[in-house]
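Numbering (our numbering), first residue to last: 106 to 371.
Here it is as structure tokens:
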């Protein structure tokens, strides 16, 4: 949301100046990425400096971000030609990113897959990724080995925020065409579930995210054909998360949840 808002804001003077679309996209992407990195980086800094849980702080920062965006969208940046819904000025069709050839999907999908592959290589094939995995597995052991756990936490939050900013850029430049309340779509909350289900593996996130995208998109179909409320999709997501947490809790505690070889040795 913050990345999309920053992208839409910086696009206004560029569009008014009739800047080339490619240059406009590059600047929008840079501002959206930086805004997302800084916003989530605040949560990482709070964890590093004050020991504040980054999950809680990032959730609370979400509501602050919504208030900040609404303050400007409903105030100084509001497009007065659109009285029905507070929004920034539209970037125009000339600055909308098109779809991938032969598909009805915009280029954000390709960029998302590329980012997942890059992050997989970063986390599994570099010393930085090894340090991150060690710190995430056991922070005390990482500190004992001399790893800068605090700086690693902040770095990971910056990277995560930058990725969210990229998503916000595409939400504005490829779908909405402006910043408004539609940016508050709850993708971050779904992303938490996707990441846990994929066991934080960037490559596994690709199919899991596509699966959950299909589940969310099926909400209208369920409502029309099965006479079930649209919230059924949210219930299904919640049940999935509960099952995941229960399986994590029970894994290794009972023989039925152990790998056969491990159970035999035990």
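Glycine included, every Cβ here is placed at the ideal spot set by N, Cα and C.
I'd like the list of long-range same chain contacts for residue 368, defined as Cβ closer than 7 Å, with 5 residues on each side in sequence excluded. Low local confidence applies: a pLDDT of 47 at residue 368 is under 50, so the model's placement there is unreliable, with the coordinate-based value given in what follows. Answer for residue 368: 360, listed in chain order.
Could you give the distance in angstroms between the alpha-carbon of residue 51 and the alpha-carbon of residue 151? The structure shown does not extend to residue 51, since the chain is modelled only from 106 to 371, so the question has no answer here.
Close-in-space but distant-in-sequence residues of the same chain around residue 309 (CB under 7 Å, 5 per side omitted): 303
Starting from the N-terminal side, write out each stretch of the alpha helix (DSSP H) that is 4 residues or longer and does not extend beyond the segment 116–147. none
Any idea what DSSP makes of residue 214, helix, strand or coil? helix
The ligand PLP heavy atoms versus the CB of residue 217: any closer than 7 Å? The model on display carries no ligand, and the ligand PLP is accordingly not part of it.
Compute the distance between the beta-carbons of residue 263 and residue 146, then report whether it is under 8 Å. yes
Three-pair Cβ contact test at 8 Å for the segment 119–137 versus the segment 232–249: no
Among the residues of its own chain, which have a CB less than 7 Å from the CB of residue 299, if the five just before and after it don't count? 310, 313, 314 and 317
Residue 354: first and last residue of the uninterrupted alpha helix (DSSP H) it sits in: 337–355
Using the beta-carbon count (16 or more within 10 Å), is residue 158 buried or exposed? exposed
Hey, quick one: how far does the alpha helix (DSSP H) through residue 280 stretch, first residue to last? That residue, residue 280, is in no alpha helix (DSSP H); it is neither H nor E in DSSP.
To which residues does DSSP link residue 204 through a beta bridge? 211
For residue 205 and residue 275, I'd like the C-alpha separation in whole angstroms. 13 Å
Alpha carbons only, please: which of 128, 171, 178 and 271 is nearest the one belonging to residue 283? 178
Integer Cβ distance of residue 261 from residue 170, believed to fall under 8 Å: Between residue 170 and residue 261 the Cβ distance is about 19 Å, and since that is not below 8 Å, they are no contact.
When the Cβ atoms of the segment 325–345 are set against those of the segment 243–255, are three or more pairs found closer than 8 Å? no
Taking only runs that begin and end inside the segment 234–278, name each unbroken alpha helix (DSSP H) of 4 or more residues, in chain order. 244–249 and 254–275
Reference residue 347; option with closest CA among 322, 335, 297 and 323: 297
Any idea what DSSP makes of residue 368, helix, strand or coil? Note that residue 368 scores a pLDDT of 47, beneath 50, so its modelled location is shaky and nothing firm can be said.
Secondary structure at residue 112, three-state DSSP: helix, strand or coil? helix
If we count the other Cβ atoms within 10 Å of its Cβ and call it buried at 16 or more, is residue 375 buried or exposed? With the chain covering 106 to 371 only, the question about residue 375 has no answer from this structure.
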